[in-house]
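Chemist: The sequence shown begins at 17 in the working numbering and counts up one residue at a time.
Quick one: structure below, then a few questions.
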Amino acid sequence: MPRVLRPSLFKPSVFSAFWGGSVLGGWLLVAFALANVASSSLSHAGPPLAMTAFLLVVLELRPLVQGRGHDPQGVVMSTAFACAMLFMWGRWPAILVVAIASITSDLRARKELWKVLFNVGQYSLSVAAASLVIDAVGLVPTLDHPLRAVTGRDLPWMIAVWIVYFLVNDLLVSGALSWIDSFWANLQDDFVHYAITTFSVLALSPLVVLVAQSAWILLPLLLIPLLLVYRTAQMSLEKEHQAGHDPLTGLPNRTRLQAALAAVLTKSRRDGTSFGLLLIDLDHFKEVNDTLGHHVGDQLLIHFAERLTASVREDDTVARLGGDEFAVIVPNADHESVLSVAERIRSSLLDPVALEGMMFEIEASIGVAMHPHHGDKLDDLLRLADVAMYVAKESRSGVATYSARRDRNSANRLGLLGELRQALDDGDLELHYQPKLSLHDSSLLGVEALIRWDHPQRGFVPPDEFIPLAERSGIMHLLTDHVITMALAQLAAWRDIGLHVPVAVNVSVTDLVGHRLINLVGDGLRAHGLPPGMFQLEITERIVSSDADDLNAVLNKLHEMGVTLSLDDFGTGYSSLLRLQSLPVDELKIDRAFVSPLTEKLNQASVKEACGIVRAAIDLAHALGLPAIAEGVETAEEWDILRSLGCDGAQGWHIAAPMPADKATKWLRDCSVRNAVVEATRVVESA
Ligand code: C2E
Ligand code: MG
Ligand code: MG
Numbered sequence: 017m018p019r020v021l022r023p024s025l026f027k028p029s030v031f032s033a034f035w036g037g038s039v040l041g042g043w044l045l046v047a048f049a050l051a052n053v054a055s056s057s058l059s060h061a062g063p064p065l066a067m068t069a070f071l072l073v074v075l076e077l078r079p080l081v082q083g084r085g086h087d088p089q090g091v092v093m094s095t096a097f098a099c100a101m102l103f104m105w106g107r108w109p110a111i112l113v114v115a116i117a118s119i120t121s122d123l124r125a126r127k128e129l130w131k132v133l134f135n136v137g138q139y140s141l142s143v144a145a146a147s148l149v150i151d152a153v154g155l156v157p158t159l160d161h162p163l164r165a166v167t168g169r170d171l172p173w174m175i176a177v178w179i180v181y182f183l184v185n186d187l188l189v190s191g192a193l194s195w196i197d198s199f200w201a202n203l204q205d206d207f208v209h210y211a212i213t214t215f216s217v218l219a220l221s222p223l224v225v226l227v228a229q230s231a232w233i234l235l236p237l238l239l240i241p242l243l244l245v246y247r248t249a250q251m252s253l254e255k256e257h258q259a260g261h262d263p264l265t266g267l268p269n270r271t272r273l274q275a276a277l278a279a280v281l282t283k284s285r286r287d288g289t290s291f292g293l294l295l296i297d298l299d300h301f302k303e304v305n306d307t308l309g310h311h312v313g314d315q316l317l318i319h320f321a322e323r324l325t326a327s328v329r330e331d332d333t334v335a336r337l338g339g340d341e342f343a344v345i346v347p348n349a350d351h352e353s354v355l356s357v358a359e360r361i362r363s364s365l366l367d368p369v370a371l372e373g374m375m376f377e378i379e380a381s382i383g384v385a386m387h388p389h390h391g392d393k394l395d396d397l398l399r400l401a402d403v404a405m406y407v408a409k410e411s412r413s414g415v416a417t418y419s420a421r422r423d424r425n426s427a428n429r430l431g432l433l434g435e436l437r438q439a440l441d442d443g444d445l446e447l448h449y450q451p452k453l454s455l456h457d458s459s460l461l462g463v464e465a466l467i468r469w470d471h472p473q474r475g476f477v478p479p480d481e482f483i484p485l486a487e488r489s490g491i492m493h494l495l496t497d498h499v500i501t502m503a504l505a506q507l508a509a510w511r512d513i514g515l516h517v518p519v520a521v522n523v524s525v526t527d528l529v530g531h532r533l534i535n536l537v538g539d540g541l542r543a544h545g546l547p548p549g550m551f552q553l554e555i556t557e558r559i560v561s562s563d564a565d566d567l568n569a570v571l572n573k574l575h576e577m578g579v580t581l582s583l584d585d586f587g588t589g590y591s592s593l594l595r596l597q598s599l600p601v602d603e604l605k606i607d608r609a610f611v612s613p614l615t616e617k618l619n620q621a622s623v624k625e626a627c628g629i630v631r632a633a634i635d636l637a638h639a640l641g642l643p644a645i646a647e648g649v650e651t652a653e654e655w656d657i658l659r660s661l662g663c664d665g666a667q668g669w670h671i672a673a674p675m676p677a678d679k680a681t682k683w684l685r686d687c688s689v690r691n692a693v694v695e696a697t698r699v700v701e702s703a
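In structure tokens:
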């Protein structure tokens, strides 16, 4: 189904009948009006005519009330003057001046020609129809014989003129809009509100006549109350706009999107057409925001909003749902057209954005849901587009259309979240412990506690799968509380049997907000009577790359308490040297992504490169006065290379995999026996 952008002017339809009829009839009237006015003497009407006509044209430029749904013209204050001209000098001068005013304002607004032509026709016909009422009461005002002085007794026929004018005008507009919506729907759309505003403007016309007849020079004074009314209307429109729009990008907000979606849905159901809903989420936006600050993030959002708006059509609704999430409604379109809109949006992002002297590539993931194919309800469509967006994001495909098969994944994820809560309540999560050894003398540096969830049905669920879920859904603190409580209890248990092993626990960015973590660790250490130096927190480099003051405050406080801090996954974040230097960390853990390439057999050059990178990381740690620990050491060869590169410690399967508490206890005992033997041998040798 091709997307209708502009109605076909000549194909038979309700629209073309109204459009053609209005243009033909209306412009014929304008031609008559021109001939009539040209052949009349203007001397009788004189300055009052000039002043009234001038004010009419000026006021036409200011719409008083935005039109209904799609009617861009709205109610204009000039209508009062048009009606007054009709009363005083009959239909021809009124039609001519109204036509001039309409053309002037339409050209100023750069309207398309077919709309300009129609508007002139519509006004001319409405004025002409209303003038028949004046004929019917036997008054024949003309330029040569203007209307006699008005009295209160003229009001009834004047009201009849207003009614005819309003009805004819409304019928013509509704007919012309029938290419967008049905004739009846247009006619009913906001009818009462539209009638009230039109009549309140028309009601001023007798006053215009009175002033023009008695003191035409005072006519401009009528503008004052009119402009006041205009300003009030404008202010209420602005308020309405603010309530429905996002202040940063100026785009409609979620509420407005839902209203637009409801309207498109109703129309689509009635006409049996389809439409698409796109949900768009920027990729890596959080990192930009966290690393470079909200100011840069905001600028990026504004740029994105501009590109988004520029790449869709006028009748598509673009909205910002919040954060880095946007939506587009593509009305009256099939799946193929909707996908082409999505592609157009993506290609509009190809050029990088220059911000604060840096170039940014904006990437976005787009989820597509189609009505009625995927759903027939507003909430369903929003949810399905959201599911599709997650699929696009996860598969890095850029654009994904909703599919029920994929949806099971997201339902699955939601289910997993519920089960995680339950597992936390039931204490079904346990900790495994993985040792870290010194690369200098193989002594034990400590153990890292890693969470394990052995799900009764799903089996082992890796932490990388449920931790991001916990972070996003706000239950991370429950998980961290649980982990820290268990780790401290284990630390105390080992101490009680003479094993003095420092224990490290991983924390997430959400844990580092506020005082919760500080209190939890402090209270726990006190309760067990443990020295703070035995407890370590691992924080991944990605979360410290942002320069947040609160984050620093929490880390400093923990450090002051004597808890040691380890910078985890080093090399995967974007911390500056300055930032690293300002952090109160005690150890740097080189991410395992840098360790495994050390021994890749295939390519000698890349091994050399990998060694260079790891050495640089170790040197950097040393320059900062910190020991470097390598993660993911799987082989003796890696162990040896790391040792030769000057690395201080290692953790990985080569030493031991993460073990449940009982196995870890046994391992640690053996290790301490081994260490004791080594120590004893050293003592004997040195003696
Ligand atoms: P991490 O802190 O970098 O933990 C090291 C990960 O490497 C662990 O994965 C560990 O099992 C794995 N690993 C250890 N030795 C080797 C090896 O020789 N080769 C390979 N290929 N992998 C090895 P795991 O347990 O799946 O944990 C993944 C991540 O989940 C952790 O990365 C950590 O960021 C997070 N995590 C685990 N437990 C917790 C927790 O209690 N709280 C929080 N916030 N995050 C946790
Ligand atoms: Mg870790
Ligand atoms: Mg790590």
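All C-beta atoms, glycine included, are put in the ideal place defined by N, C-alpha and C.
All values reported here derive from a predicted model rather than from experimental measurement.
Is the CB-CB distance between M405 and V354 below 8 Å?
Modeler: The sequence position of residue 405 within the sequence shown is 389, counting from 1. The sequence position of residue 354 within the sequence shown is 338, counting from 1. Taking 8 Å as the Cβ cut-off, M405 and V354 do not qualify as a contacting pair.
Chemist: From E481, A439 and H498, pick the residue whose C-alpha is nearest to that of P472; which is it?
Modeler: Counting from 1 along the sequence shown, the entry for residue 472 is found at position 456. Out of E481, A439 and H498, A439 has the C-alpha closest to the C-alpha of P472.
Chemist: Please report how far the alpha carbon of I710 lies from the alpha carbon of V149, in whole angstroms.
Modeler: Here the chain has residues from 17 to 703 only, and residue 710 is not among them.
Chemist: Let me check understanding here. Comparing Cα to Cα, which of A509, E435 and I534 lies closest to I491?
Modeler: Indexing the sequence shown from 1 puts residue 491 at position 475. For I491, the nearest C-alpha among the options comes from E435.
Chemist: For K452, count the other beta carbons within 10 Å of its own beta carbon; 16 or more makes it buried, fewer makes it exposed. Which is it?
Modeler: What you label residue 452 is simply residue 436 of the sequence shown in a count that begins at 1. Around the CB of K452, 16 or more other CB atoms lie within 10 Å, so the residue is classed as buried.
Chemist: Compare the Cα-Cα distances from G538 to each of R558, D497 and A509 and report the closest residue.
Modeler: Numbered from its first residue, the sequence shown carries residue 538 at position 522. Of the listed residues, the one whose Cα sits closest to G538 is D497.
Chemist: Which residues in the same chain have their Cβ closer than 6 Å to the Cβ of M502, if we skip the five residues on either side of it in sequence?
Modeler: The residue labelled residue 502 in the question sits at position 486 within the sequence shown. Excluding residues within five positions, the ones whose Cβ falls inside 6 Å are L447.
Chemist: Answer yes if the segment 265-279 comes into contact with the segment 96-104, meaning at least three C-beta pairs across the two stretches below 8 Å, and no otherwise.
Modeler: The segment 96-104 vs the segment 265-279: no contact.
Chemist: Compute every distance between the C-beta of D584 and the non-hydrogen atoms of ligand 2, then say whether any falls below 7 Å.
Modeler: Counting from one through the sequence shown, the residue named residue 584 turns up at place 568. Yes, the Cβ of D584 comes within 7 Å of a heavy atom of ligand 2.
Chemist: What first and last residue would you give for the alpha helix (DSSP H) that runs through I500?
Modeler: Counting from one through the sequence shown, the residue named residue 500 turns up at place 484. M492 to D512 is the extent of the alpha helix (DSSP H) around I500.
Chemist: Can you pull the DSSP bridge partners for L129?
Modeler: Position 113 of the sequence shown, counting from 1, holds the residue named residue 129. The partner list for L129 (beta bridge, DSSP) is empty, contrary to what the question assumes.
Chemist: If contacts are defined as beta-carbon pairs under 8 Å, then L642 and A626 qualify, I think. What distance do you get, rounded to the angstrom?
Modeler: Indexing the sequence shown from 1 puts residue 642 at position 626. Indexing the sequence shown from 1 puts residue 626 at position 610. With a Cβ gap of about 21 Å, L642 and A626 do not count as contacting.
Chemist: For ligand 1, is there a heavy atom less than 7 Å away from the beta-carbon of D470?
Modeler: Indexing the sequence shown from 1 puts residue 470 at position 454. Flag unset: Cβ of D470 not near ligand 1.
Chemist: Where H456 and Q620 are concerned, what is the direct C-alpha to C-alpha distance, given to the nearest angstrom?
Modeler: As a position in the sequence shown, residue 456 is number 440, starting the count at 1. As a position in the sequence shown, residue 620 is number 604, starting the count at 1. Going by the C-alpha atoms only, they are around 27 Å apart.
Chemist: Assuming I629 contacts F610 under a Cβ cut-off of 8 Å, what Cβ separation, rounded to an integer in Å, is found between them?
Modeler: For the purposes of this step, residue 629 is taken as the residue at position 613 of the sequence shown. For the purposes of this step, residue 610 is taken as the residue at position 594 of the sequence shown. Yes, I629 and F610 are in contact; Cβ-Cβ is about 6 Å, under 8 Å.
Chemist: Taking buried to mean at least 16 other C-beta atoms within 10 Å of its own C-beta, is N135 buried or exposed?
Modeler: Position 119 of the sequence shown, counting from 1, holds the residue named residue 135. Buried is the call here.
Chemist: Is any heavy atom of ligand 2 found at a distance shorter than 7 Å from the C-beta of N522?
Modeler: Here residue 522 refers to the residue found at position 506 when the sequence shown is read from its first residue. Within the cutoff, so yes.
Chemist: Does the segment 53-73 come within contact of the segment 158-173, defined as at least 3 CB pairs closer than 8 Å?
Modeler: yes
Chemist: Run through the segment 437-461 for me and flag every whole beta strand (DSSP E) of 3 or more residues, listed as ranges in chain order.
Modeler: 445-454
Chemist: Which term fits E554, buried or exposed, when burial requires 16 or more other beta carbons within 10 angstroms of its beta carbon?
Modeler: Your numbering for residue 554 matches position 538 in the sequence shown. The Cβ neighbour count for E554, taken over all protein chains shown within 10 Å, is at least 16; the residue is labelled buried.
Chemist: Taking DSSP as the reference, what is the three-state secondary structure of V519?
Modeler: Residue mapping note: residue 519 aligns to position 503 of the sequence shown, counting from 1. The answer is strand: DSSP assigns V519 an E or B state.
Chemist: Which of the three DSSP states is assigned to S702 in this structure?
Modeler: Here residue 702 is taken as the residue at index 686 of the sequence shown, counted from 1. Helix at S702.
Chemist: Quick check: is the beta carbon of A385 nearer than 8 Å to any beta carbon in chain D?
Modeler: The chain labelled as chain D is not found in the depicted structure, where only one protein chain is given.
Chemist: Tell me, please, which residues DSSP counts as bridged to K605.
Modeler: Residue numbering aside, residue 605 sits at position 589 when the sequence shown is read from its first letter. Partner(s): I645.
Chemist: When DSSP builds the beta bridges, which residues end up paired with G338?
Modeler: Taking the first residue of the sequence shown as 1, we reach residue 338 at position 322. DSSP, once it has assigned bridges, lists E341 as partnering G338.
Chemist: Just how far apart, CA to CA, sit D392 and F207?
Modeler: As a first step, residue 392 is located in the sequence shown; it is residue number 376 there, counting from the start. As a first step, residue 207 is located in the sequence shown; it is residue number 191 there, counting from the start. Cα-Cα distance, rounded: 28 Å.
Chemist: Quick check: is any heavy atom of ligand 2 less than 7 Å from the C-beta of D603?
Modeler: If you number the sequence shown from 1, residue 603 lands on position 587. It is worth fixing the name first, because residue 603 is Glu in this sequence and not Asp. No, ligand 2 has no heavy atom inside 7 Å of this Cβ.
Chemist: How many Å lie between D686 and E650 at the Cα?
Modeler: To locate residue 686, count along the sequence shown from 1; it is residue 670. To locate residue 650, count along the sequence shown from 1; it is residue 634. The C-alpha of E650 is placed about 21 Å away from the C-alpha of D686.
Chemist: Give the range of the beta strand (DSSP E) segment to which H387 is assigned.
Modeler: In the sequence shown, the residue the question calls residue 387 occupies position 371. Start and end: A380 to H387.
Chemist: Which same chain residues end up closer than 7 Å to L371 when comparing Cβ atoms and leaving out the 5 residues on each side of it in sequence?
Modeler: The count along the sequence shown starts at 1 and reaches residue 371 at position 355. Result list for L371: V312, Q315 and L316, in chain order.
Chemist: What residues are listed by DSSP as bridge partners for M93?
Modeler: Taking the sequence shown and counting its residues from 1, one reaches residue 93 at position 77. Answer is none; M93 lacks a bridge partner.
Chemist: Have a look at the DSSP bridge pairing and note the partners of Q667.
Modeler: Counting from one through the sequence shown, the residue named residue 667 turns up at place 651. According to DSSP, residue pairing for Q667 in a beta bridge involves K452.
Chemist: How about E487 and S459: are their beta carbons less than 8 Å apart?
Modeler: Residue 487 sits at position 471 when you count from the first residue of the sequence shown. Residue 459 sits at position 443 when you count from the first residue of the sequence shown. The answer is no: Cβ separation not under 8 Å.
Chemist: Do V184 and A145 count as a contact pair if the criterion is CB distance below 8 Å?
Modeler: Numbered from 1 along the sequence shown, position 129 holds the residue referred to as residue 145. Numbered from 1 along the sequence shown, position 168 holds the residue referred to as residue 184. Yes, the Cβ-Cβ distance between A145 and V184 is below 8 Å.
Chemist: Measure from the alpha carbon of A505 to the alpha carbon of each residue in S118, E481, H516 and G540, then state which is nearest.
Modeler: Residue 505 sits at position 489 when you count from the first residue of the sequence shown. Among S118, E481, H516 and G540, the Cα nearest to that of A505 belongs to G540.
Chemist: Applying the 10 Å Cβ sphere with the 16-neighbour rule, what's the burial state of P63?
Modeler: In the sequence shown, the residue the question calls residue 63 occupies position 47. With fewer than 16 other Cβ atoms within 10 Å, it is exposed.
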